[in-house]
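Numbering (the working numbering), first residue to last: 1 to 443.
Beta carbons are placed, not taken as given, at the ideal position from N, Cα and C, and that holds for glycine.
Keep in mind that this is a model prediction, so the values were computed, not measured.
What follows is a single structure, written as structure tokens, with notes after it.
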Amino acid sequence: MTTKTPSDGLNSHMHFITPSYPHQLLNLFPGNSFLILHSFLLFSSLLFPIISLSTAQTSFRPKALLLPVTKDSSTLQYLTQINRRTPLVPIKLTLDLGSAFLWVDCEQDNSVTHSDKAGVLAQDVVAIQSNDGSKPGRVVSVPNLLFTCGSSFLLKGLASGVKGMAGLGRTNMGLPSQFSAAFNFHRKFAICLSSSTRSNGVVFFGDGPYMFPPGNFDESKSLTYTPLFINPVSTAGSFFPREKSTEYFIGVKSIKIDNQDVPLNTLLLSIDSKGYGGTKISTVKPYTVLESSIYNSMVNAFVKSLGNHVKRVAAVPLFGACFDSRKIGSTPVGPGVPTINLVLQSESVYWTIYGANSMVEVGKDVLCLGFLDGGHILSHRCPPLTLCCRTWWLGGYLELTLTGGGCQGCDVFVIRDKGGREVHKLSFHFHWKVPIGRKSSSD
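In structure tokens, the structure reads:
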């Protein structure tokens, strides 16, 4: 393995790592940057133990780190910012819950040498805010954070000013694993996302507590659990044989609308040996996507439960089920529409979706059900349910433990009066809805 340092002066501490075995892996897919980027997943398991992240340049050992998160008003993508290079330079990234690694557009970094670094594995110094659970701490640095170099064309479709993607996937090159290795804390992270572009969210890496207002309430004390599942086949656009998915799947068993079962083929909800099926959580998809038969059954059940007094209006682009909102009442948790329950490992553990999260206002007096028809499962590699965090989270909080295979969290709904002033917060469990203060039997 050889290490090369660029001579353009732009990245005085950034190193490009080129494996000389097996057979110049980086040249296996010339001219295809996406495939080159993905090829590092196979190599990273060998490379990661060699390049140690444990020598963070500080004697201070934080027990947790945090990244601020904002929501882009144009793309509805969640964005974060890290500081890298020497001297430190901020770089804006799209947050991707299931992506395998951090990748950055390196073409602009090499404007002097014009060398093609697309697909090259690199390491650089990164500075990040520490956290003690109740307030931000000092800034700490990771001197050798691994990332891959992408091409500028990969930025198409991302928010303006974004230079790459921050992957939180379950790999050694995912940010949770790298930060855990650097500071020797638990391989776990928590994300708190806002549905509004006017308020911010956060990603915590490491252990709690996670203190939130009012009253510095510790969210980590009120969590219940549902298992995470590993898809045995990658859901990426390209992948190697026997490569597992890096994304996060949960076990939805059935769907209820106003406590009535939605008729559907439940076999689609389980992941088969070929990797089809299952329920994936995403921070990148703009809206929740359902397999066609599930989508149609859910829309029919929703319309029936909503009642004949609410007129269905013409569909709009993206959304197939839209309604005259003048006949829909208002509640503290959004439009007064039927509740949707995703039943998880048991009937007592379910994720309740209220009108604030299930409906999208698309125009004057028009509300649409915020679910998309994703086609048939065998026509693509998307799972039958891709649960979008941004549509269903209102101040949503989610914690994932990579080593234990568990997923836990709670939602915090902010209730405001007509003037926009916060009145109070209504907290309840999500993913596994049970009464407040009561733990699931799976704990």
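Check whether Val120 and Ile128 have beta carbons under 8 angstroms apart: Going by C-beta atoms, Val120 is not nearer than 8 angstroms to Ile128.
Own chain, CB closer than 6 angstroms to Val284, minus 5 neighbours either side, in chain order: The answer, listed in chain order, is Asp96.
8 angstroms Cβ cutoff met for Ile328 and Val303: Between Ile328 and Val303, the gap from beta carbon to beta carbon reaches 8 angstroms or more.
Whole-angstrom distance between Leu155 and Val289, CA atom to CA atom: A direct Cα-Cα distance of roughly 23 angstroms separates Val289 from Leu155.
Contact check, Gly334 vs Met359, beta carbons under 8 angstroms: Cβ distance < 8 angstroms, so Gly334 and Met359 count as in contact.
Touching by the beta-carbon criterion (3+ pairs, under 8 angstroms), the segment 80 to 93 and the segment 227 to 238: No: the two stretches stay apart, fewer than three of their Cβ pairs being nearer than 8 angstroms.
Val366 versus Lys71: straight-line alpha-carbon distance, rounded: Rounded to whole angstroms, the gap between the alpha carbons of Val366 and Lys71 is 24 angstroms.
Supposed close pair Leu264, Phe179 - CB separation, criterion 8 angstroms: The distance from the Cβ of Leu264 to that of Phe179 is about 39 angstroms, inconsistent with a contact at the 8 angstroms cut-off.
Other residues of its chain near Thr75: CB distance less than 6 angstroms, five sequence neighbours each side excluded: The residues are Ala159.
8 angstroms Cβ cutoff met for Lys244 and Ser254: Cβ atoms of Lys244 and Ser254: not closer than 8 angstroms.
Boundaries (first-last residue) of the beta strand (DSSP E) holding Gln178: Here Gln178 belongs to no beta strand (DSSP E); instead the alpha helix (DSSP H) covers Leu175 to Phe183.
Proximity winner among Leu306, Glu347, Gly208 and Thr80, relative to Val252 (alpha-carbon distances): Nearest C-alpha to Val252: Glu347.
Between the CA atoms of Lys280 and Ser151 - distance to the nearest angstrom: Looking at the two C-alpha atoms, the distance is approximately 27 angstroms.
Local conformation of Ala356 per DSSP, three classes: Secondary structure at Ala356: helix, using DSSP grouped into helix, strand and coil.
Sub-8 angstroms separation of Leu67 and Val262 beta-carbons: Result no, Cβ atoms of Leu67 and Val262 do not sit closer than 8 angstroms.
Candidates Phe371, Leu269 and Val343, of which the one nearest Gln260 by Cα: With distances taken between Cα atoms, Gln260 lies closest to Val343.
Reference Leu306, options Trp351, Leu369 and Gln345, closest by Cα: Between Leu306 and the set Trp351, Leu369 and Gln345, the nearest pair of CA atoms involves Leu369.
Cα-Cα separation, Gly167 to Val362: One C-alpha to the other measures close to 31 angstroms.
Pro232 versus Ser273 - alpha carbon distance: Approximately 7 angstroms between the Cα atoms of the pair.
Three-state secondary structure assigned by DSSP to Ile340: Ile340 sits in a strand when the DSSP states are folded into three classes.
Which of helix, strand or coil DSSP assigns to Ala301: Note: Ala301 maps to helix in three-state DSSP.
Residues bridged to Gly167 [DSSP beta-bridge criterion]: According to DSSP, which records beta bridges pairwise, Gly167 is partnered with Asp96.
For Phe204 and Ala190, the rounded distance between their alpha carbons: The alpha-carbon atoms of Ala190 and Phe204 are separated by roughly 5 angstroms.
C-beta contact flag for Thr331 and Asn341 at 8 angstroms: Cβ distance not < 8 angstroms, so Thr331 and Asn341 don't count as in contact.
Other residues of its chain near Lys163: CB distance less than 8 angstroms, five sequence neighbours each side excluded: Excluding residues within five positions, the ones whose Cβ falls inside 8 angstroms are Ile91, Lys92, Leu93, Val104, Asp105, Gln108 and Leu155.
Among Phe101, Ser130, Gly208 and Asn184, nearest to Ala122 - alpha-carbon criterion: Among Phe101, Ser130, Gly208 and Asn184, the Cα nearest to that of Ala122 is on Phe101.
Under the three-state DSSP convention, the category Leu79 falls into: In this structure, Leu79 counts as strand in the three-state DSSP scheme.
For Ser130, the nearest candidate out of Asn172, Phe185, Gln77 and Leu79 (CA to CA): The option with the nearest alpha carbon to Ser130 is Phe185.
Where Ile255 falls: helix, strand or coil (DSSP): Strand, per DSSP.
Per-residue burial, Trp393 [other beta carbons within 10 Å of its own, 16 or more giving buried]: For Trp393, the predicted model reports a pLDDT of 36, less than 50, meaning its position is unreliable and no value from the coordinates is stated.
For Gly206, the first and last residue of its enclosing beta strand (DSSP E): In the DSSP annotation of this structure, the continuous segment of the beta strand (DSSP E) that includes Gly206 starts and ends at Gly201 to Gly206.
Buried versus exposed call for Pro136 [16 or more other C-beta atoms within 10 Å across all chains shown]: When all chains shown are included, Pro136 counts as exposed.
When Gly206, Phe249 and Ile82 are compared against Met165, the one with the closest alpha-carbon: Comparing Cα-Cα distances from Met165 to each of Gly206, Phe249 and Ile82, the minimum goes to Ile82.
8 angstroms Cβ cutoff met for Leu267 and Ile294: Contact: no.
Ile250 versus Asp124, Gly278 and Asp207, residue with shortest Cα-Cα distance: Of the candidates Asp124, Gly278 and Asp207, the residue whose Cα lies closest to the Cα of Ile250 is Gly278.
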